Amino acid sequence: MAVLKKLVRSAEGAHVPHNKNTENCETVKMPVPKRVFVSMSQHIGAPAKACVKKGVEVKVGDVIGTAGGFISAPVHSSVSGKVFSVDEVMMPNGRKAQVVVIDTDGLQTVSENVKAPEVTDHASFVQAIKDSGLVGLGGAGFPTGVKLDPQNLDEVDTLVINAAECEPYITADYREMMECGEDVVEGAKLVKEYLNLSKVIIGIEANKPQAIAKMKELTNGLEGFTVATLPSVYPQGAEKVLIEQTTGKEVPQGALPAAVGCIVMNVASVGFVNRYMKTGMPLVTKRLTVDGDAVANPQNVEVVIGTTVKDVVEFCGGYSQEPGKIISGGPMMGTALATDEMPVMKQNNAILVFGAEKAKLPEESPCIRCGRCINACPMGLSPVEIALTLSVKDADELKALFTDLCMECGSCSFVCPAKRPVAQTMREAKDFMRKAAK
Amino acid sequence: MKLTVSSAPHITSKDTTASIMRDVCIAMLPALAAACVFFGLNSLILTAVSVAACVGFEFLYEKMLKQPITIGDWSAVVTGMLIAFNCPPSLPLWVVVVGAFFAIVIVKQLFGGIGFNFANPAIVARIIMGLGYTGMMTAWVFPDATATATPLAMYRAGTTPNYIDMFIGRTGGVLGEVSAAALLVGFAYLLVKKVITPTIPVTYVATVAVMALVLGVDPVVYVLGGGLLLGAIFMATDYTTSPYTMKGQIIYGIGLGVITVLIRRFGSMTEGVSYAILLMNLVVPYINKACRQKPLGAPAKVKEAK
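In the order they appear, the protein sequences are chains A and B. Sequential numbering of the first sequence, starting at 0, is according to numbering that gives the first Met the number 0. Sequential numbering of the second sequence, starting at 0, is according to numbering that gives the first Met the number 0.
Here you go:
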């Protein structure tokens with residue numbers, strides 16, 4: 000049977016090292032830094048619009064940026080203090096974003112606007128989530144309020160909770176389950192109730208047996224809840240891969256998970272839903288895994304959003320050697336930062352700092368047509384052929400090769416023995432296709 | 000602070016082109032050892048000359064054309080070993096140098112170097128040497144100067160060779176093909192190291208066995224005698240000249256098996272492996288196009304690429 004499936008699509012993924020060095024590091028709350036930089040663009044979609052001016056006093060939970068469109072999310076002050084400036088700053092993704100800089104007073108006075116929302120039905124639930132500023136915490140940062148309000152709500156019956164945490168090093172989601180497992184279950188119950196779903200599936204990679212045991216115990220006897228053990232092969236946490244692994248359904252090209260009756264939420268997002276419904280405290284802090292061979296004390300920390308990478312690393316004992324590369328996120332899909340002055344954002348889940356040795360880029364050599372990228376691709380694409388097709392600039396053939404299905408997970412680059420930047424070529428191919436279509 | 004800013008992913012696997020090619024060389028060592036046992040140290044000299052010639056030609060070609068020197072990727076060593084493995088032990092050394100020239104300069108470098116050759120360089124070298132120096136390429140002489148025939152030639156002449164002899168390697172033949180046992184040890188190594196998957200060798204050998212049965216010839220002789228195992232394990236699995244997907248590899252393996260048996264059974268030659276591999280190498284681009292995977296979420300009926 001497995002062989003038959005391989006004939007259609009091998010989709011082996013990449014056998015990345017796990018390096019879950021910090022899995023037993025209980026989350027430490029980092030003190031509030033002197034100054035925070037809160038970006039108005041911490042999600043997919045339209046950036047929020049800053050609604051505070053220089054000199055204004057703010058408290059924890061105050062809205063400082065209003066949602067800038069339908070697919071957007073508001074941004075809240077993560078600290079109490081005084082707005083120092085509202086600037087335009089170049090973010091790691093290469094785009095400029097408004098950043099509200101706040102000088103903190105260290106008191107962390109909570110805003111009087113922070114109170115548990117009144118939720119009675121789906122509409123008020125979605126509104127509450129939208130007000131909370133929640134975005135997909137797994138890394139993508141899609142506004143959760145929009146996700147929980149699909150057009151075909153009556154066809155959606157399953158909540159898939161993404162607890163795969165397939166990126167090496169990162170243990171933030173693992174800690175969420177170990178420390179706040181009850182929040183995850185209660186949050187899932189709320190989503191299940193207000194969206195009128197029948198099933199909740201929690202997908203966890205097999206390399207986290209304790210989390211699997213804990214979630215099984217917490218969901219024992221709950222109707223509709225199952226915990227699915229996923230193979231420890233990257234990228235189990237990719238939305239479409241996760242849906243196929245847990246439900247057997249294939250999300251059609253160009254469609255959303257709701258098309259196959261599923262909504263996928265990151266495990267930390269689900270836990271946040273419960274905490275927000277109880278307290279009304281919007282998304283102002285984030286749990287991060289700080290690791291890498293250039294960090295003195297690797298650990299999991301909870302920081303206020305807008306804390307700079309520099310401050311976070313300093314809290315973790317500083318740099319143990321001259322940093323050669325700083326990654327916001329995991330080593331497979333994270334973004335390399337040009338400076339450690341960048342602030343932590345909602346969707347960040349790790350800061351990895353590596354020394355010069357690990358920062359060195361491998362030397363590229365000619366493609367030997369081994370086909371490993373094809374076998375690894377979780378989407379069943381053919382990167383080697385896509386690269387060749389891009390080199391002859393054939394947009395129609397790129398379309399026939401389903402190039403746009405690539406989600407840039409990086410498996411192809413990882414397995415390439417010639418050390419070619421295959422994933423980057425895939426991005427270029429998608430760009431080329433998009434431009435050619437215009 | 001000088002930070003490297005590069006696009007994700009930021010880590011890669013340990014495997015490199017060089018480590019893969021080195022593993023292929025290691026996998027060929029048991030067969031080389033068997034050749035030394037059955038044919039004497041001459042086998043080692045022939046292999047050394049062939050490897051030196053291949054590496055040398057690659058170095059000289061790239062030096063002359065001011066290209067980056069790629070001899071460090073071990074692929075020329077693989078080609079050199081394979082060419083020697085396809086020669087009888089008594090072959091004059093200069094002939095193997097001619098083979099190395101065709102393999103490296105004509106088939107590999109003139110088409111763009113590693114990854115761009117349309118056919119397996121060692122296969123083309125074997126065919127050219129076989130056609131150009133037929134007498135020398137078919138002189139099977141043991142170290143004690145007794146002439147012998149290959150198992151396939153014996154079988155064609157009416158005698159069934161001893162199975163055990165064929166398995167161990169006490170028969171005539173080219174260097175690398177005589178010992179099925181040694182080749183299988185190398186095969187196991189390649190599988191364990193995940194350098195190749197079993198798809199091509201297994202479908203190739205299975206097809207030969209089934210075809211032999213159907214045509215009423217001894218499948219054991221067809222599988223163990225001649226260059227089938229050497230070709231199936233080490234030459235048909237060359238990345239550049241074999242299909243990408245499992246589906247494609249199955250079709251390729253079956254094609255190889257059918258052509259091999261047809262040549263052996265109905266052709267004028269006793270051996271058909273090298274021609275089968277060359278012919279199937281040429282259709283690999285078409286197999287690749289016809290045997291693509293169905294991507295996750297792609298419509299059930301994949302629209303034909305133009």
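Backbone N, C-alpha and C fix where the C-beta goes; we use that ideal spot for every residue, glycine too. All of these numbers come straight from a predicted model, not from anything done at the bench.
ask   = Using a beta-carbon distance below 8 Å, is G252(B) in contact with chain A?
value = no
message = Buried or exposed for D430(A), going by 16 or more other Cβ atoms inside 10 Å?
response = exposed
request  = Tell me, please, whether the CB atom of R306(B) is closer than 8 Å to any CB atom in chain A?
outcome  = Residue 306(B) falls outside the range modelled here, since chain B spans only 0 to 305, and no answer is possible.
query = Cβ atoms of I242(A) and L147(A): under 8 Å apart, would you say?
reply = no
message = On the DSSP bridge list, what partners appear for Q97(A)?
response = E87(A)
message = Buried or exposed, going by whether 16 or more other CB atoms sit within 10 Å of the CB of M268(B)?
response = exposed
task = Mind checking which residues open and close the alpha helix (DSSP H) that includes T245(A)?
result = E238 to T246
task = Indicate whether at least one CB of chain B lies closer than 8 Å to the CB of E249(A).
result = yes
inquiry  = Buried or exposed for D102(A), going by 16 or more other Cβ atoms inside 10 Å?
reply    = exposed
message = What are the residues in the segment 6-34 of chain B lying within 8 Å of chain A by C-beta distance?
response = S6, A7, P8, H9, I10, T11, S12, D14, T15, T16, S18 and I19
ask   = Counting only beta-carbon atoms, is K302(B) nearer than 8 Å to chain A?
value = Reliability fails at K302(B), whose pLDDT of 49 lies under 50, so the model's placement of it is uncertain and the value that follows must be treated cautiously. Yes, because at least one Cβ of chain A sits closer than 8 Å to the Cβ of K302(B).
inquiry  = Please tell me whether A45(A) and G67(A) are closer than 8 Å, where the distance is taken between their beta carbons.
reply    = yes
request  = Would you give the residue range spanned by the alpha helix (DSSP H) that N280(B) belongs to?
outcome  = V272 to A289
message = Taking CB distances under 8 Å as the criterion, tell me whether I113(B) reaches chain A.
response = yes
request  = Can you give me the start and stop residues for the alpha helix (DSSP H) that M135(B) sits inside?
outcome  = T133 to M136
task = Could you name each continuous beta strand (DSSP E) segment of 3 residues or more that falls completely within the segment 249-303 of chain A, going from the start of the chain to the end?
result = 261-265, 284-290 and 298-303
inquiry  = I believe L282(A) touches H42(A) by the beta-carbon criterion, under 8 Å. Please report the beta-carbon distance rounded to the nearest angstrom.
reply    = L282(A) to H42(A), Cβ: 10 Å. No contact.
query = What are the residues of the segment 412-423 of chain A that lie near chain B, defined by any Cβ-Cβ distance shorter than 9 Å?
reply = S412, F413, V414, C415, P416, A417, K418, P420, A422 and Q423
Cut-off 8 Å between Cβ atoms - residues of its own chain near K248(A), not counting five sequence neighbours on either side = I242, V259, G260 and C261
query = Does DSSP put G39(B) in a helix, a strand or coil?
reply = coil
message = Please report the distance separating the alpha-carbon of G227(B) from that of P120(B).
response = The sequence given here places Leu at residue 227(B); Gly does not occur at that position. Their backbone Cα atoms lie some 17 Å apart in a straight line.
query = Ordered along the chain, which non-local residues of its own chain (more than five positions away) have a Cβ less than 6 Å from that of C24(A)?
reply = Q298 and N299
task = Buried or exposed for N287(B), please, with buried defined as at least 16 other CB atoms from any protein chain shown within 10 angstroms of its CB.
result = buried
query = What are the complete beta strand (DSSP E) segments, minimum 3 residues, inside the segment 16-74 of chain A?
reply = 34-38 and 62-65
The segment 330-339 of chain A in contact with the segment 385-392 of chain A per 3-pair CB rule at 8 Å = no
query = Does any residue of chain B bring its CB to less than 8 Å from the CB of T338(A)?
reply = yes
ask   = Can you name the start and end residues of the alpha helix (DSSP H) that G186(A) belongs to?
value = A171 to Y193
request  = Below 8 Å CB to CB, which residues in the same chain sit around T11(B) once its five sequence neighbours on both sides are set aside?
outcome  = none
ask   = Who are the neighbours of M0(B) on chain A, taking C-beta pairs under 8 Å?
value = E321, P322, T338 and D339
Outcome for Y275(A) when other beta-carbon atoms lying within 10 angstroms are tallied against a minimum of 16 = buried
query = Exposed or buried, which one is F309(B) when buried takes at least 16 other CB atoms within 10 Å?
reply = Absent from the structure is residue 309(B), since the part of chain B shown begins at 0 and ends at 305.
ask   = Which of helix, strand or coil does DSSP assign to G354(A)?
value = strand
Selection of the segment 231-249 of chain A by Cβ proximity to chain B, strictly under 7 Å = K239, E243 and E249
query = Shorter than 8 Å from the beta carbon of R433(A) to some beta carbon of chain B?
reply = no
ask   = If you follow the alpha helix (DSSP H) that G185(B) is part of, which residue opens it and which one closes it?
value = A179 to V191
query = Does D72(B) get closer than 8 Å to chain A when you measure Cβ to Cβ?
reply = yes
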